[in-house]
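Numbering (this note's numbering), first residue to last: 19 to 410.
Data block below; observations after.
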Amino acid sequence: MANKPMTTAEKLAAARAGAAAKPAESAPASQPAEAEASAPAAHVEAAAAPTPASLGRPLTLAEKLAAARAGGAPKPAAAPAAKAVASSPAAESAPAAPAGPPPDIPTPEKLGRPLTIAEKLAAARMMSGSAPAAGAKPAAKPAAAGAPKAAAAAKPAARELPPLDKISDPKDLAEALRQTAQKKIAESAPPPPAAKAGAKAKDAKPQTVPPKPSKGLLSKLTRRDVTIHIPANLAWVIAGWVAFNAGMTALTVMTVRFLFPNVLAEPPSTVKIGYPTDYEKEDVNERFKAEWGFWVVRSTKVNGVDEIYALQSICTHLGCPPNWLAAEQKFKCPCHGSGFYISGINFEGPAPRPLERFKVTVADDGQIVVDKSQKFQQELGQWSDPDSFIVA
Ligand code: FES
Numbered sequence: 019m020a021n022k023p024m025t026t027a028e029k030l031a032a033a034r035a036g037a038a039a040k041p042a043e044s045a046p047a048s049q050p051a052e053a054e055a056s057a058p059a060a061h062v063e064a065a066a067a068p069t070p071a072s073l074g075r076p077l078t079l080a081e082k083l084a085a086a087r088a089g090g091a092p093k094p095a096a097a098p099a100a101k102a103v104a105s106s107p108a109a110e111s112a113p114a115a116p117a118g119p120p121p122d123i124p125t126p127e128k129l130g131r132p133l134t135i136a137e138k139l140a141a142a143r144m145m146s147g148s149a150p151a152a153g154a155k156p157a158a159k160p161a162a163a164g165a166p167k168a169a170a171a172a173k174p175a176a177r178e179l180p181p182l183d184k185i186s187d188p189k190d191l192a193e194a195l196r197q198t199a200q201k202k203i204a205e206s207a208p209p210p211p212a213a214k215a216g217a218k219a220k221d222a223k224p225q226t227v228p229p230k231p232s233k234g235l236l237s238k239l240t241r242r243d244v245t246i247h248i249p250a251n252l253a254w255v256i257a258g259w260v261a262f263n264a265g266m267t268a269l270t271v272m273t274v275r276f277l278f279p280n281v282l283a284e285p286p287s288t289v290k291i292g293y294p295t296d297y298e299k300e301d302v303n304e305r306f307k308a309e310w311g312f313w314v315v316r317s318t319k320v321n322g323v324d325e326i327y328a329l330q331s332i333c334t335h336l337g338c339p340p341n342w343l344a345a346e347q348k349f350k351c352p353c354h355g356s357g358f359y360i361s362g363i364n365f366e367g368p369a370p371r372p373l374e375r376f377k378v379t380v381a382d383d384g385q386i387v388v389d390k391s392q393k394f395q396q397e398l399g400q401w402s403d404p405d406s407f408i409v410a
C-alpha cells in the first residue's frame, strides 16, 4: 500500500468503483503475477462504471465523480499482465501535458487493457496537474521527480467552467474539483504576515513622533516659526522705519523753524497812567516803578513850566534802580551812590549822564499815555521834544 493515506475523494472513487478493485489497488505494479490477476478485476470495475447511455438518464454528481476517477468511459479489453508490466515504465516516465490528453498518459487504448485504479488515479492527477497518488507510488515515482518543473510548465490557465451538476466531461469535472479545492484552501489559509501587519497598522492609533533635535539655527525653525515669527519681525522692521522717518521729519521742521526769529511775548509798551490832575506839583509818583520801571514827575524846575514827564528808573551808571528821597528831593542810586535831581539830571556819583524819559501823550479820553518804546535823552537835546513831556 502507499506511504500516504488516501484522501476522502480517492476513497469515494474507490468505493464507487467497486470492491473488486481493491485487490488491484493493493497490488504493486512491479509484480507481474498480481497485476495479471488484477487486470480482470479492473475490467469488471470499468465495466461497472455508470454511463448516461447505460442508465438512460444524465449522470449525478457522484456518478460523474466516479466516472472521472475511472478515467472516462471504460472499454473492455483483455490485457495480458505482461503488457501491463511493460506499460508501467512508460506511465512512470510520462510528463504532464498542459492541455488535452498527453500521449504518455496511460490509456486503455494504449495498454490494450483496462487501467488499474492506481493508473487511473495517476492519469487523472497528471491530467489535472496534481501530484501522483500515494497508492501509485511505484508507477508515479519518476513522474513525481519531475513534478515541480512539469507542473510549473504545464500548469494551465484557470478557465471558466460550468457548475458541477452541468459538467458532463470527466476532465472538466476534475478541473472543477481542483479549482474548488484550491479556493477552499485559499479561503481557509491564514492571512500572510504582511496582511496581519497591515491590519495591525490600521487598528493602531497614530503616534505623534517628536521632532528630532537639531543643532543648526536655521534647522530649528519650524514651519510654524516661519509663518508666525517672520511676520512679527517684519512688523518690527516696519515700526523702526516709521519711527526713523518721524524723527527725520521732526528734525527737518525744527531746522526750518530755527531760520525764523522767535516772537517775544513782551508786555505792551504803552500804559495809561490817569489824568494830569491826578498828580501833584513838585512830586514824584512811584506807583508805576515796580511794574513799569518809571516815575511820573510833575515839576516846574526844568524849564519853569508846570509839566509832567516819565523818568526811567534805571541808573545810567550800571543799571541799578535808584530810590526817590523826598526829604532830599533827589534820586539816589544804592549801588555806587550816584545822585540825580528831580529833573533827572545827574549831579553826584559815577553816573555819566542824566536819567532818560519816555514818551508821554494825552489820549482822546484825556488820560496820560506813557510809551516806553521811545526814549528821550537830555544830553542829546531831546528833552525839548514835545513828546517828552506834557503841560499840566
Ligand atoms: Fe548807580 Fe552805579 S549803578 S551809581
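No residue lacks a Cβ here, since even glycine has one placed at the ideal position from N, Cα and C.
Only buried fits residue 377, as 16 or more other CB atoms lie within 10 angstroms of its CB.
A direct Cα-to-Cα measurement between residue 374 and residue 281 gives close to 27 Å. Note that the C-beta distance between residue 82 and residue 179 is not below 9 Å. Taking C-beta separations shorter than 8 Å and ignoring five residues to either side along the sequence, the partners of residue 334 in its chain run 356, 364, 369, 370, 371, 372, 373, 374, following chain order. Across the set 354, 326, 345, the C-alpha of 354 shows the shortest separation from the C-alpha of residue 339. At least one heavy atom of the ligand FES falls within 8 Å of the beta-carbon of residue 355.
Ranked by how close their Cα comes to the Cα of residue 298, the residues 325, 276, 277 have 325 in first place.
In the DSSP assignment, residue 301 falls within the beta strand (DSSP E) that extends over 301 to 303. For residue 72, there is no enclosing beta strand (DSSP E); the residue is part of the alpha helix (DSSP H) that begins and ends at 70 to 73. For the pair of segments examined, the segment 287 to 298 was found to touch the segment 379 to 388: the number of CB pairs separated by less than 8 Å reaches three. Note: residue 376 is bridge-paired with 328, 393 in the DSSP secondary-structure output. Across the set 329, 136, 409, 128, the C-alpha of 409 shows the shortest separation from the C-alpha of residue 321. Residue 122 and residue 128 have their C-alpha atoms spaced approximately 9 Å apart. Residue pairing for residue 288: DSSP places it in a beta bridge opposite 389.
Between residue 323 and residue 313, the gap from beta carbon to beta carbon reaches 9 Å or more.
Assignment of beta-bridge partners to residue 359 by DSSP yields 348. Using a Cβ distance threshold of 9 Å, residue 30 and residue 80 count as a contacting pair. Taking the Cβ of residue 285 as the reference point, every heavy atom of the ligand FES lies at 8 Å or farther away.
The C-alpha of residue 192 is placed about 15 Å away from the C-alpha of residue 25.
Taking 8 Å as the cut-off, one finds at least one heavy atom of the ligand FES near enough to the beta carbon of residue 340. Per the coordinates, the alpha-carbon of residue 143 lies some 27 Å from the alpha-carbon of residue 72. Separation of residue 380 and residue 265 (C-alpha to C-alpha, rounded to the nearest whole angstrom) is 55 Å. Here the alpha carbons of residue 304 and residue 296 stand approximately 13 Å from one another.
Secondary structure note for residue 127: its alpha helix (DSSP H) is the uninterrupted segment 126 to 129. Secondary structure note for residue 205: its alpha helix (DSSP H) is the uninterrupted segment 188 to 206. In terms of Cβ geometry, residue 311 and residue 393 do not form a close pair [threshold 9 Å].
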